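J.: Below: one structure in structure tokens.
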Amino acid sequence: MTPTELQAQIQLCNDETNKGNFDAAEQLANDLLAVLELPSHAEFVVWVQNNKQQLRANALLALATVEYRRGNFDNALTHAHRGLAIAEEENIPNCKAKTWNIIGLVYADLGNYDKALEFYNKAYETHAELGDSAEVASVTGNIGIIYRKLGNYTMALEFYNKALKTHTELGDRARVANVTGNIGNVYQNLGAYDIALEYFNKALASHTELGEIVSQARITGNIGIVYYSIGNYHMALEYFYDAIKMHVQLGELASVARVTGNVGNVYSSLGNYEMALEYYNKALASHKELGDIARVANVSGNIGNVYNFLGNSHKALEYYNKAIEIHSELGEIAGIAHVTGNIGNVYSSLGDYDKALEYYDKALLLHSGLGDKHGLARVTGNIGSIFKKFGSYDKALEYFNKAFEIQTELGAIASSTNAIGNIGNVYADRQYDGYNPTKAEEFLLKAIVSGTQIGAKPMVVEFHKSLADLYELENRWQDFAVHFKKYIELKDEVNVAETQKQDAIREQRKEIELAKATAAAKLSATTTLLHRVLPESIASRMIAGEEDISDYFPSVSILFADIAGFTPISAQMPATIVVRFLNYVFGEFDKIMKKHGCEKIKTIGDGYMAVAGAPIESADHAERIAGAALAMQEAIQLPEEFREYLPKGKEFGIRVGLHTGAVVGGVIGDERFVYDIYSDAVNTASRMESHGEAGKIHVSEEFLKKLLMEKNEWLMVNGEWLIEEANDSSPFTINSLPLTINNLPLTIMPRGEIDIKGKGIMKTYFLEKV
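By the working numbering, the letter at position 722 of the sequence shown is numbered 722, and the numbering carries on one by one without gaps.
Listed below in structure tokens is the structure:
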């Protein structure tokens, strides 16, 4: 290679790293190191000898950067210190400064902020001596990150704005975008979510335009955090899953772990504690493996939250104390404040209110010192709850109203919803001299509407109960019945008791058993069995040694079916005939699913569940499942050995329900593997079946819209549009019903709006064979 090519290889390596092409960057750096060991052409010998050590130091710096981006911190430090030794021996100041900066980045991600600042300051001084304004600004921004993590937001903004000014003057768009995103992080921490989104969207647009997928992934995850903070859980999950996909593609293990923990936060807020613990434990294991102590503390605190929700105070305090110990060692005031407030929550749930107030007052003082409005609002609301329990109602209202004002200012929907409900509960308490059922009803209804809109089931459950209690006090029995029934239904859905059982099972899992199962899966006999009980693609992944198989599918179609009148039918049959009868019917269903490219998930009694679009994604999943549903209604002809047992005048019929939505699919169990899918969309599909009719296919508006959208030609018949606005966000309106679609032999029949249990009023349809 020529001298020019050798120098260009370093720049090319850095460019590939910035694009997220870590394998390519690593290869380029290693190739350069290998070339430097080869004999040079005569005309290049002197040049190579004079520049070899500098090139080697820069190549090692490039490798350290790659490993840092991947989250392999030990490898990053190894390469960095090797390069630094060369740079110090040869006195290469620019390389020394850049290497100190990378070492600082590693220690920052490991939560060792004192060490990080030590190396950043060395890098800053050297770059300043060299007059390298761009690198000075870069290190200045990194120092700002440390102050943000320490909860010193004023200092963080000061350093960020200095860095932003210099990068802007130099026209360095990539670094302007980086600092813009970091400023967004500060405003997010301060609870100024509108301002945070403004900065994040600016940064994301710049990174996208520049093709910087590494930074795109980071900012995408940050936007997810903002949506989570304001209670928009659907949007939060959408951004988090997008971020995880990008980080996995890039091989950024530390970032995958971080965003995985954020997904756990969403499920915790939605009351799905089983899923929350699953994601938290994945994140915790990854952070420990990577040596990321700061995030071990964060996730430990989040696991403590789940155990507190489940009523396991001992476990909650155990995880909180682990977290606060790490935060204290690292000097993380924001982390200490947050966990201190959570410990107050535990003592509050135990009825030790004096102890709870002690911790809340400590947390309030810390949040005030940081200027953290989000933390202030949260703890202020908690203090209000304590005063209500003491019977100090006016004091409770004072704190609840303070909390509501701050949360409204921040745009934090979930938190403000909780405050509204708390205010309602004070007015609903007859022991309060200011008891006001009218105001109580007004606030509680507002809280229910807001909580339902954001999907915060645990919160809504309690507000329905409060409203039912109020109506009971006022002898409004009809209203009482409505809200008490809703309370029972939602409480069952949250199903805390079942989550506790699942958590106990998870605690008992042994790594050695999983290793045995994986090894056994590679045996021929087990391979055959796995292919029988699991989808082929999933079985192949398990045999290859993949553990914890779980995938997110943004759009699938789900089918539930059951045998109409099965109870009276089976009552006429001997037990052996019942089993043979179900085997025959489900065997026919299995053939239909295979023919139409759908996947059977499971059977429950006389119920049958299948999906199209998972575990292998397919764009035409609605068409596939519709074809399968039609075939199920027509293909089953019972043999005489079963027909003779049908009650007199009773025809064999199948009830089918279809819905489209997002799901998470994964393998459950350590010894008996089961592939299953989970989400609210699954519950809705089940409701479509249970509210359907024998011999008919009952579908949701979402499913029908997806079915029509899959084929553009279906949107128009005889020159007339079937849908008034042909896009995924529009309301679904068909101009003429019933409607026959020629591409599939079916007719759409409107059923109108019906009350679906647990879902409210929904517009649904029947699909019938032409």
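Glycine included, each C-beta is placed from N, C-alpha and C at the ideal position.
Keep in mind that this is a model prediction, so the values were computed, not measured.
1. Where does Ile230 fall in DSSP's three states?
2. Leu746 by DSSP, collapsed to three states: which one?
3. In chain order, what are the residue ranges of uninterrupted alpha helix (DSSP H) at least 4 long that sit wholly in the stretch 339-396?
4. Tell me which residues share the same chain as Ile195 and place their Cβ nearer than 6 Å to its Cβ, disregarding the 5 neighbours each side in the sequence.
5. May I have the straight-line CA-CA distance separating Ser820 from Val226, to the nearest angstrom?
6. Cβ atoms of Gly83 and Ala64: under 8 Å apart, would you say?
7. Identify the residues that DSSP records as bridge partners of Val699: which are they?
8. For Lys594, is the classification buried or exposed, using 16 other Cβ atoms within 10 angstroms of its Cβ as the cut-off for buried?
9. Spatial neighbours of Asn250 within its chain, please: C-beta separation below 7 Å, excluding the five flanking residues on both sides.
10. Can we say the stretch 568-588 touches the stretch 690-708, given the rule of at least three CB pairs closer than 8 Å?
11. Keeping to the same chain, check which residues put their C-beta closer than 6 Å to that of Tyr359; ignore five residues upstream and five downstream.
12. Touch check for the stretch 150-170 and the stretch 114-131: three-plus C-beta pairs under 8 Å?
13. If you scan the stretch 625-681 from start to end, which runs of the alpha helix (DSSP H) of 4 or more residues do you find wholly inside it?
14. Please return the same chain residues whose Cβ sits closer than 8 Å to the Cβ of Asn161, not counting the five positions on each side in sequence.
15. If you draw a straight line from the C-alpha of Gln11 to the C-alpha of Asn94, how long is it?
16. Taking the straight line between their C-alpha atoms, what separation do you get for Asn91 and Leu130?
17. Ile143 and Tyr193 look like a contact to me (Cβ under 8 Å); what is the Cβ gap, rounded to whole Å?
18. What is the C-beta distance between Ile636 and Leu658, in whole angstroms, given that I count them as a contact (C-beta under 8 Å)?
19. In chain order, what residues of the same chain lie with their CB nearer than 6 Å to the CB of Ser286, ignoring the 5 residues before and after it?
20. DSSP three-state label for Ser618, please.
21. Could you have a look at Ala97 and say whether DSSP puts it in helix, strand or coil?
22. Per the DSSP calculation, Thr603 is bridged to which residue(s)?
23. Might you give, ordered along the chain, the residues of its own chain that have their beta carbon closer than 8 Å to the beta carbon of Ser679, omitting 5 neighbours on each side?
24. If contact is defined by three or more beta carbon pairs under 8 Å, each pair taking one atom from either stretch, is the stretch 440-460 in contact with the stretch 402-422?
25. Once DSSP output is grouped into helix, strand and coil, what is the label at Ile423?
26. Distance check for Leu253 and Ala316, CA to CA, integer angstroms please.
27. Opposite Phe560 in the DSSP bridges: which residues?
28. How big is the Cα-Cα spacing for Pro615 and Tyr147?
29. Given a threshold of 16 other Cβ atoms within 10 Å of its Cβ, counted over all protein chains shown, does Glu332 qualify as buried or as exposed?
30. I believe Ala59 touches Leu77 by the beta-carbon criterion, under 8 Å. Please report the beta-carbon distance rounded to the nearest angstrom.
31. Please report the Cβ distance between Tyr608 and Phe589, rounded to the nearest whole angstrom; I am assuming they are in contact, meaning their Cβ atoms lie under 8 Å.
32. Output the distance between the C-alpha atoms of Arg378 and Asn72, rounded to the nearest integer angstrom.
33. Check whether the stretch 295-314 and the stretch 256-273 touch, using three or more Cβ-Cβ pairs below 8 Å as the test.
34. Opposite Phe553 in the DSSP bridges: which residues?
35. Out of curiosity, what's the CA-to-CA distance linking Leu210 and Ala174?
36. Give me the Cα-Cα distance between Ile777 and His596, rounded to the nearest whole angstrom.
T.: Per the coordinate set shown:
1. Numbered from 1 along the sequence shown, position 230 holds the residue referred to as residue 230. It is coil, neither helix nor strand.
2. Mapped onto the sequence shown, residue 746 falls at position 746. In the structure shown, Leu746 sits in a strand (DSSP, three-state: E or B).
3. 353-370, 373-390
4. Along the sequence shown, one-based indexing puts residue 195 at 195. Excluding sequence neighbours, Ile195 sits near Tyr187.
5. Only positions 1 to 770 of the chain appear in this structure, which leaves residue 820 out of reach.
6. Locating residue 64 in the sequence shown gives position 64, where the first residue counts as 1. Locating residue 83 in the sequence shown gives position 83, where the first residue counts as 1. Closer than 8 Å, so yes.
7. Locating residue 699 in the sequence shown gives position 699, where the first residue counts as 1. Partner(s): Leu658, Tyr765.
8. On the sequence shown, residue 594 is found 594 positions in, with the first residue counted as 1. By the 10 Å Cβ count, Lys594 comes out exposed.
9. On the sequence shown, residue 250 is found 250 positions in, with the first residue counted as 1. Checking the sequence shown, residue 250 turns out to be Leu, not Asn. Gly20, Phe22, Ile213, Val214, Ala217, listed in sequence order.
10. no
11. Locating residue 359 in the sequence shown gives position 359, where the first residue counts as 1. Thr340, Ile343, Gly344, listed in sequence order.
12. no
13. 640-643
14. Locating residue 161 in the sequence shown gives position 161, counting from the first residue. Hits under 8 Å: Ile183.
15. As a first step, residue 11 is located in the sequence shown; it is residue number 11 there, counting from the start. As a first step, residue 94 is located in the sequence shown; it is residue number 94 there, counting from the start. About 15 Å.
16. Numbered from its first residue, the sequence shown carries residue 91 at position 91. Numbered from its first residue, the sequence shown carries residue 130 at position 130. Looking at the two C-alpha atoms, the distance is approximately 13 Å.
17. The residue labelled residue 143 in the question sits at position 143 within the sequence shown. The residue labelled residue 193 in the question sits at position 193 within the sequence shown. Not really, about 25 Å apart at Cβ, beyond 8 Å.
18. Numbered from 1 along the sequence shown, position 636 holds the residue referred to as residue 636. Numbered from 1 along the sequence shown, position 658 holds the residue referred to as residue 658. Not quite, the Cβ-Cβ distance comes to about 18 Å (not below 8 Å), so this is no contact.
19. Numbered from 1 along the sequence shown, position 286 holds the residue referred to as residue 286. Contacts found: Ala257.
20. As a working note, residue 618 is residue 618 in the sequence shown. In this structure, Ser618 counts as coil in the three-state DSSP scheme.
21. Walking along the sequence shown from the start, residue 97 turns up at place 97. Here Ala97 sits in helix by DSSP.
22. Locating residue 603 in the sequence shown gives position 603, where the first residue counts as 1. Note: Thr603 sits in a beta bridge opposite Tyr608.
23. Along the sequence shown, read from residue 1 onward, the residue named residue 679 stands at position 679. Apart from the 5 residues on each side of it in sequence, Ser679 sits with its Cβ closer than 8 Å to the Cβ of Gly661, Ala662, Val663, Val664 in its chain, given in chain order.
24. Judged by pairs of C-beta atoms under 8 Å, the stretch 402-422 touches the stretch 440-460, as three or more such pairs exist.
25. On the sequence shown, position 423 is the one that residue 423 refers to. Ile423: helix per DSSP, three-state reduction.
26. Residue numbering aside, residue 316 sits at position 316 when the sequence shown is read from its first letter. Residue numbering aside, residue 253 sits at position 253 when the sequence shown is read from its first letter. Approximately 27 Å, taken between the alpha carbons.
27. Walking along the sequence shown from the start, residue 560 turns up at place 560. Note: Phe560 sits in a beta bridge opposite Met609, Gly657.
28. Start at 1 with the first residue of the sequence shown, and residue 615 comes out as number 615. Start at 1 with the first residue of the sequence shown, and residue 147 comes out as number 147. Taking the straight line from one Cα to the other gives about 44 Å.
29. As a first step, residue 332 is located in the sequence shown; it is residue number 332 there, counting from the start. Glu332 is buried by the Cβ-count criterion.
30. Here the question's residue 59 lines up with position 59 in the sequence shown. Here the question's residue 77 lines up with position 77 in the sequence shown. The distance from the Cβ of Ala59 to that of Leu77 is about 16 Å, inconsistent with a contact at the 8 Å cut-off.
31. Indexing the sequence shown from 1 puts residue 608 at position 608. Indexing the sequence shown from 1 puts residue 589 at position 589. About 5 Å separates the two Cβ atoms, so the contact holds.
32. Walking along the sequence shown from the start, residue 378 turns up at place 378. Walking along the sequence shown from the start, residue 72 turns up at place 72. Computed Cα separation, rounded: 36 Å.
33. They touch, by the three-pair rule.
34. Stepping through the sequence shown from its first residue, residue 553 is reached at position 553. In the DSSP output, where bridge partners are listed per residue, Phe553 has Val663.
35. Position 210 of the sequence shown, counted from the first residue, corresponds to residue 210. Position 174 of the sequence shown, counted from the first residue, corresponds to residue 174. For Leu210 and Ala174, the distance between alpha carbons rounds to 7 Å.
36. Residue 777 lies beyond the residue range present for the chain, which begins at 1 and ends at 770; the question has no answer from this structure.
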